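Report on the structure given below.
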Amino acid sequence: MQHTVRIWDLPTRLFHWTLAAAFVALVASAKLGGAALVWHERLGYLMLALLAFRLAWGLVGGRWSRFTSFVYSPARLLRYVRGQGQEHVDDVGHSPLGALSVFGLLAALILQVASGLASDDEISFTGPLVRFLSGDWVERATWYHADIGQYLLLALVALHLLAIAFYALVRRRRILRPMLSGDKQLPRPVPASRDDARTRLLALVLAGLAGLLAWWVSRLDAGGL
């Protein structure tokens, strides 16, 4: 008997797809250059807000969106890689490998946004954190943002997409549908993520605060302390 369980709450799903769209737009605007860099900057602040929201939601969000639900020990990760894991437990939310991918992507995105805020291309953009840093640190941040970070992110995203394809084509597991509907079909009942009006209102408040944070950061170069 299959059990339908709400795994991904609506705020998590909206975050996921907005993040994906913002990432694609950021890459495209960076490659186009010129006037598109204005949008690259704006999208960078959007990304900052999204990441701030996800960090907060990882503490208070739905059960399976919380970081505590997908922090695995090295031993458990190794058992999963060897095919010795417990599917009914390890594959409810983020699997051990999926969790590794999520944390890796979040860390790389945070580094990319932070380096962008501290970058200065000496042509059309000066990040709002530049005035607080030495020239050496600004140079390092600019170098990382343009020459390292973007390619690291592209590699991690490619691995993420390959993993999705592997699970869908080889293991015959539906990865994308639950991130659209929020529900998973599971062989055993598990606690569901809370996804009611109260939870969504909390998410809306956190999203607003994250947006205010991004706006405040954007104003730092204009003396917005």
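Per full-length UniProt numbering, the very first residue in the sequence shown carries number 1; after that it's consecutive.
Glycine included, C-beta positions come from ideal geometry on N, C-alpha and C.
Since we're looking at a predicted model, the values are computed, not measured.
Residue 120 (DSSP reduced to helix, strand or coil): In the three-state DSSP reduction, residue 120 falls in the strand class (E or B).
Tell me residue 185's beta-bridge partners as DSSP assigns them. Answer by DSSP bridge pairing, in chain order: 4.
Which runs of the beta strand (DSSP E), 3 residues or longer, sit entirely within the region 122–204? Within the region 122–204, the complete beta strand (DSSP E) runs of at least 3 residues are 183–186.
Selection from 101, 205 and 136 that minimises the alpha carbon distance to residue 226: Any question about residue 226 goes unanswered here, given that the chain covers just 1 to 225.
Are residue 115 and residue 160 touching if we call contact CB-CB under 9 Å? It is not a contact, given that the beta carbons lie outside the stated cut-off.
Within 9 Å, strictly: CB atoms of residue 203 and residue 11: By the CB criterion at 9 Å, residue 203 and residue 11 fall inside the cutoff.
What is the rounded straight-line gap between the Cα of residue 228 and the Cα of residue 45? Outside the displayed range of the chain (1 to 225) lies residue 228, so it cannot be described from this structure.
Considering Cα atoms alone, identify which of 98, 207 and 181 is closest to residue 165. When each option's Cα is compared against that of residue 165, the closest is 98.
Enumerate in chain order the residues of its own chain whose CB-to-CB distance from residue 30 is below 6 Å, with the five nearest sequence positions on each side excluded. Cβ neighbours of residue 30 beyond the five flanking positions: 40.
Using the Cβ count rule (16 or more neighbours within 10 Å means buried), how would you classify residue 132? Exposed, because fewer than 16 other Cβ atoms sit within 10 Å of the Cβ of residue 132.
Tell me the DSSP secondary structure of residue 221 in three-state form. The answer is helix: DSSP assigns residue 221 an H, G or I state.
Taking the C-alpha atoms as reference points, what is the distance between residue 42 and residue 214? Looking at the backbone, the Cα of residue 42 and that of residue 214 are separated by about 10 Å.
Please look up how many angstroms separate the CB atoms of residue 77 and residue 100, rounded, as I've assumed it's under 8 Å. Yes, residue 77 and residue 100 are in contact; Cβ-Cβ is about 7 Å, under 8 Å.
Do the region 184–201 and the region 3–20 touch if we need at least three Cβ pairs shorter than 8 Å? Proximity of the region 184–201 to the region 3–20 meets the contact definition, three or more beta-carbon pairs being nearer than 8 Å.
Neighbourhood of residue 124 by C-beta, 7 Å cutoff - its chain only, sequence neighbours within 5 removed: For residue 124, where only same-chain residues beyond five positions count, the Cβ hits under 7 Å are 37.
Might you give, ordered along the chain, the residues of its own chain that have their beta carbon closer than 7 Å to the beta carbon of residue 19, omitting 5 neighbours on each side? So the list reads 50, once near-sequence residues are dropped.
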